[in-house]
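**Q** Protein chains in written order, with the numbering used here: chain S, 5 to 433; chain H, 545 to 794.
We treat Cβ as the ideally placed atom computed from N, Cα and C, and that holds for glycine.
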Amino acid sequence: MFKLRRSVQKELLLLFRDVGGIVILFVMPLILLLAVTMVQKGSFDSILGGKVSVLLVDHDRESISQRIQEYFRADENLELLMELDGKPISEELAQELVRQGTYQLAVILPEHLSRDLNTHVQQNVDKIMSEFDFSGDTTLVATEKKPIEPKEIKLYFDPAAHASFKTAIKMSIDKLVSNIESKTIYSTFQEELGEDMDIELGEQQFISYKEVGRDGEHAEESLPDAVQHNVPAWTLFAIFFIVVPLSINIVKEKAQGTMLRIETSPTSYALFLMGKTVTYLLISLIQFYLMLLVGIFVFPYIGLHSFQVGNSFGLLSVIALFSGLAAVGLGILIGTIASTQEQSAPFGATLTVVLAAVGGVWVPVFIMPSVMQQLSALSPMNWGLGAFYKVLLRGGGLVDILPEIILLILCFLLTLTVAILYDKKKRTV
Amino acid sequence: MSTTAIHIENLSKQYRGADFVAVQNLSLTIQSGEIFGLLGPNGAGKTTLLSMLCGIIRPTSGKFSINGYTYEQSPVQLKQSLGVVPQDFALYPSLTARENLLYFGSMYGLKGRKLEQEVIASLDALGLATFMDKRVETFSGGMKRRVNLLAGVLHRPKVLFLDEPTVGVDVHSKNAIMEYLKALHFQGTTIVYTSHHLSEAQAFCTRVGIMESGRLWKEGTPEQLIAEEEKAQTLEDVFIEITGKGLRDV
């Protein structure tokens, strides 16, 4: 225990006297987290529904126009614009602005949309009524002679807009138009059957849906946004980046002969590695808490929402700890096998980047191609990220994240065992 | 009554893939309290022999014991009784002299006040007391060489392996190191020493062995070896007689 304490003390002294190393371990990941979250915010918003400005060109100016405006204004993710610089928007201007990508959507309501819909519905209702001979109204004959052409609401989308965004808008407008048509039909029947009838027709759809989440209420948090994704993802990246300084540290020990002193002393190689493991685990936890602090307290000052930890602080720490353990194992293995810093540094850095890319740190796994989604299961960073998601997004507990924790422990044990066996084998050269 | 410190029997080492044998059938006994000089040109097999004795690499064949221990049976006791001072500065440059020694001392089981006192006393004995809290990276070559020596002897080993302990240092540091080693020897430490400074070896060693091509060609006191060679007046004459005058680039 005394030897272990001294080893940890020595490792910490070496680390904290290396200013460049401190910057790499603590400052760079924070800068990376801030920069990437800011950059990715737009992408996540377009995928997941951030605030989108919609141009509305209104040639109708009657009841349907009113309903569509009400609908768009009620949606907190959409901002309705009917004028630019105090002037009404023409269809040509709206089309050009959307084509340029300045706006993602323009909606063009045709002339007489409300009036023609009413007429069209009136004709159909009259037809039905005449079938049942409820009315001998002469207007029926008159309207039959004037068929109404179907109307089109034009939608212009930014060519770069996500397909999911287009589908969502189309479905929403389709649903809105159906609602308006249904209501018009009900109203027309009501009028035809007698003005004195006092029937209250429900405004709401009879069949609706409710998305039920883990708490039995809402399920809006099923996909991570930029903050929810990037804080755990880049924390894992930072944690696994200790592979580079740790492997360099071990190679340095070999090169400067201090490892030889340990090998010739009555201290086992395992204890020597344990000192490094404890130290770098501490480092990974410090990195994790720093990232968490930035996510919680700094993000709101730069236009991002605060990272929500809730009451999962303990579980998140457990995930960070075991992710750190897996990272330490990889660092020890690379440091043991590499002969020079020229081997260990680029290899460690490249491996970390590849594991991050495959593991879903840069691009969330759920938007990766299916082949990559399967490959991502091989990355320890994906195990860590999966555990973070389970806790942060799905309300998972210790039992839920146990599979990922076991995988991370196995990764550490496997890499450590290979490192120790390799070291033993090296002595039989 | 002297006891055996190191006993080597038919020790051989051939590196994997190598077409030569680095150490061939070497047998040697070193008694407790001796200062044994292991001499030989570059590539003679001295480092390979020391590496095997220190437990860094394993022999291809043969066996040896140090202080009655073997690596197979009692590795911890054997290592505890050994001190190793490598030729390179095996120190952490960004740690102070005191921090380096506290760490390496603790790896030999020293701790607490005893370790602190031993570190300070040792640094003082080699004239480094006023520099103990300065980082080793700021030291001169001679100062680093002295700290390097102390890191291997803090635990008072019974057998000390020294690989070129005075290479590249000025005369003052060299004298300080040699005096310190003599004091250790006086206290009962057996020293196995390699050097290319043959005059230093002649003055310092109680017995020497001359290696060439992985074999131990001669062993005895410097005086005996000089007397055995007809034209030799110094150990260097004996060395050249045995190893020849050709360059030994390996």
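Could you check where the beta strand (DSSP E) with valine 369/S kicks off and where it finishes?
**A** As a working note, residue 369/S is residue 365 in the first sequence. Per DSSP, valine 369/S belongs to no beta strand (DSSP E) and is neither H nor E.
**Q** Within the segment 674-701 of chain H, note down every full beta strand (DSSP E) run reaching 3 residues or more, in order along the chain.
**A** For the segment 674-701 of chain H, not a single whole beta strand (DSSP E) run of length 3 or above is found.
**Q** What three-state label does DSSP hand glycine 584/H in the structure shown?
**A** Your numbering for residue 584/H matches position 40 in the second sequence. DSSP places glycine 584/H in coil when its eight states are reduced to three.
**Q** Could you please give the first and the last residue of the uninterrupted alpha helix (DSSP H) stretch that includes lysine 7/S?
**A** In the first sequence, residue 7/S corresponds to position 3, counting from 1. It spans 6-20 - the alpha helix (DSSP H) in which lysine 7/S sits, taken as one unbroken run.
**Q** I'd like to know whether the C-beta atoms of glycine 261/S and proline 637/H end up nearer to each other than 7 Å.
**A** As a position in the first sequence, residue 261/S is number 257, starting the count at 1. As a position in the second sequence, residue 637/H is number 93, starting the count at 1. Cβ atoms of glycine 261/S and proline 637/H: not closer than 7 Å.
**Q** Using the three-state DSSP reduction, which class does alanine 549/H fall into: helix, strand or coil?
**A** Here the question's residue 549/H lines up with position 5 in the second sequence. Reduced to three states, the DSSP call for alanine 549/H is strand.
**Q** Chain S beta carbons: is any one of them nearer than 7 Å to that of phenylalanine 608/H?
**A** As a working note, residue 608/H is residue 64 in the second sequence. No, its Cβ sits nowhere closer than 7 Å to a Cβ of chain S.
**Q** Which partner residues does threonine 41/S have in the DSSP bridge list?
**A** Counting from 1 along the first sequence, the entry for residue 41/S is found at position 37. Paired residue(s): none; threonine 41/S is not in a bridge.
**Q** Could you tell me which of Leu626/H, Ile735/H, Thr674/H and Leu672/H sits nearest to threonine 4/S, measuring between CA atoms?
**A** The structure shown does not extend to residue 4/S, since chain S is modelled only from 5 to 433, so the question has no answer here.
**Q** Does the segment 692-702 of chain H come close enough to the segment 733-745 of chain H that 3 or more CB-CB pairs lie under 8 Å?
**A** With a cut-off of 8 Å, the segment 692-702 of chain H and the segment 733-745 of chain H count as touching, because enough Cβ pairs lie within range.
**Q** Under the three-state reduction of DSSP, which class applies to glycine 627/H: helix, strand or coil?
**A** Here residue 627/H is taken as the residue at index 83 of the second sequence, counted from 1. Correct three-state label for glycine 627/H: strand.
**Q** Note down, in chain order, each residue of its chain lying with its Cβ closer than 6 Å to the Cβ of glutamate 763/H, except the 5 sequence neighbours on either side.
**A** The count along the second sequence starts at 1 and reaches residue 763/H at position 219. So the list reads Gly753, once near-sequence residues are dropped.
**Q** List, in chain order, every chain H residue whose beta-carbon is nearer than 8 Å to that of leucine 325/S.
**A** On the first sequence, position 321 is the one that residue 325/S refers to. What leucine 325/S touches in chain H: nothing, since even the nearest Cβ is about 26 Å away.
**Q** Taking Cβ-Cβ distances shorter than 9 Å, what residues in chain S pair up with valine 736/H?
**A** Walking along the second sequence from the start, residue 736/H turns up at place 192. Those do not exist, as valine 736/H stays about 13 Å from chain S at its closest Cβ, beyond 9 Å.
**Q** Ignoring anything shorter than 4 residues, give me the alpha helix (DSSP H) runs that lie fully in the segment 555-601 of chain H, in order along the chain.
**A** Whole alpha helix (DSSP H) segments, 4+ residues: 590-598.
**Q** Could you tell me if isoleucine 656/H is buried or exposed, where buried requires 16 or more neighbouring beta carbons within 10 angstroms of its beta carbon?
**A** Along the second sequence, read from residue 1 onward, the residue named residue 656/H stands at position 112. It is glycine, not isoleucine, that sits at residue 656/H in the sequence shown. So glycine 656/H counts as exposed.
**Q** So that I know if they touch, is there some Cβ in chain S lying closer than 7 Å to that of glutamine 624/H?
**A** The residue you call residue 624/H lines up with position 80 of the second sequence. Yes, glutamine 624/H counts as interfacial toward chain S.
**Q** Give, in chain order, every residue of the segment 658-692 of chain H whose Cβ lies closer than 7 Å to some Cβ of chain S.
**A** Within the segment 658-692 of chain H, no residue qualifies.
**Q** Count the other CB atoms, across all protein chains shown, that sit within 10 Å of the CB of leucine 420/S; report buried if there are 16 or more and exposed otherwise.
**A** For this step, residue 420/S is matched to residue 416 along the first sequence. The residue is buried, with at least 16 neighbouring Cβ atoms inside 10 Å.
**Q** Name the chain S residues whose beta carbon is nearer than 8 Å to that of proline 585/H?
**A** Walking along the second sequence from the start, residue 585/H turns up at place 41. What proline 585/H touches in chain S: nothing, since even the nearest Cβ is about 23 Å away.
**Q** So, is glutamate 224/S buried or exposed, given that buried needs 16 or more other C-beta atoms within 10 angstroms?
**A** Residue numbering aside, residue 224/S sits at position 220 when the first sequence is read from its first letter. Caution applies to glutamate 224/S, whose pLDDT of 49 falls short of 50 and renders its modelled position unreliable; the model cannot decide the point.
**Q** Whose Cβ in chain S lies nearer than 8 Å to the Cβ of serine 638/H?
**A** Translated into positions along the second sequence, residue 638/H becomes position 94. Per Cβ cutoff of 8 Å: Leu17, Leu18, Arg21 and Asp22.
**Q** Please classify leucine 420/S: does DSSP put it in a helix, a strand, or coil?
**A** Along the first sequence, one-based indexing puts residue 420/S at 416. Correct three-state label for leucine 420/S: helix.
**Q** Restricting to Cα atoms, I'd like to know which of Phe326/S, Ser327/S, Leu325/S and Leu294/S is closest to phenylalanine 311/S.
**A** If you number the first sequence from 1, residue 311/S lands on position 307. When each option's Cα is compared against that of phenylalanine 311/S, the closest is Leu294/S.
**Q** Report yes or no: do the segment 366-373 of chain S and the segment 344-355 of chain S share at least 3 C-beta pairs separated by less than 8 Å?
**A** Too few Cβ pairs lie closer than 8 Å, so no.
**Q** Return the chain-ordered list of same chain residues with a C-beta closer than 8 Å to the C-beta of leucine 8/S, the five sequence neighbours on each side being excluded.
**A** The residue labelled residue 8/S in the question sits at position 4 within the first sequence. Excluding residues within five positions, the ones whose Cβ falls inside 8 Å are Leu275, Met278, Gly279 and Val282.
**Q** What first and last residue would you give for the alpha helix (DSSP H) that runs through phenylalanine 317/S?
**A** One-based indexing of the first sequence puts residue 317/S at position 313. Counting along the chain, the alpha helix (DSSP H) containing phenylalanine 317/S begins and ends at 317-341.
**Q** Considering only the beta carbon of each residue, do phenylalanine 241/S and alanine 324/S sit closer than 7 Å?
**A** Start at 1 with the first residue of the first sequence, and residue 241/S comes out as number 237. Start at 1 with the first residue of the first sequence, and residue 324/S comes out as number 320. No; because the gap between Cβ atoms is not below 7 Å, this pair is not in contact.
**Q** If we ignore side chains and look at the alpha-carbon of each, how far apart do glutamine 746/H and valine 711/H end up?
**A** Within the second sequence, residue 746/H is the residue found at index 202, counting from 1. Within the second sequence, residue 711/H is the residue found at index 167, counting from 1. Distance between the alpha carbons of glutamine 746/H and valine 711/H: 16 Å.
**Q** The alpha helix (DSSP H) that contains tyrosine 636/H, what's its start and end?
**A** Along the second sequence, read from residue 1 onward, the residue named residue 636/H stands at position 92. Looking at the DSSP string, tyrosine 636/H is not in any alpha helix (DSSP H), and its letter there is neither H nor E.
**Q** In angstroms with no decimal places, state the Cα-to-Cα distance between phenylalanine 564/H and isoleucine 601/H.
**A** As a working note, residue 564/H is residue 20 in the second sequence. As a working note, residue 601/H is residue 57 in the second sequence. Roughly 17 Å between the two C-alpha positions.
**Q** Would DSSP call valine 395/S helix, strand or coil?
**A** Indexing the first sequence from 1 puts residue 395/S at position 391. Three-state result, valine 395/S: helix.
**Q** Using three-state DSSP, classify tyrosine 273/S as helix, strand or coil.
**A** Residue numbering aside, residue 273/S sits at position 269 when the first sequence is read from its first letter. It is helical.
**Q** Can you name the residues of chain H whose CB is closer than 8 Å to the CB of glutamine 260/S?
**A** If you number the first sequence from 1, residue 260/S lands on position 256. Neighbours of glutamine 260/S on chain H, chain order: Asp632, Phe633, Ala634, Leu635, Tyr636 and Pro637.
**Q** Roughly how many whole angstroms lie between the Cα atoms of proline 249/S and lysine 726/H?
**A** Counted from its first residue, the first sequence places residue 249/S at position 245. Counted from its first residue, the second sequence places residue 726/H at position 182. Computed Cα separation, rounded: 42 Å.
**Q** Could you list which residues in chain H have their beta carbon closer than 9 Å to that of phenylalanine 30/S, in chain order?
**A** For the purposes of this step, residue 30/S is taken as residue 26 along the first sequence, with counting starting at 1. The contacting residues do not exist; phenylalanine 30/S stays about 18 Å from chain H at best.
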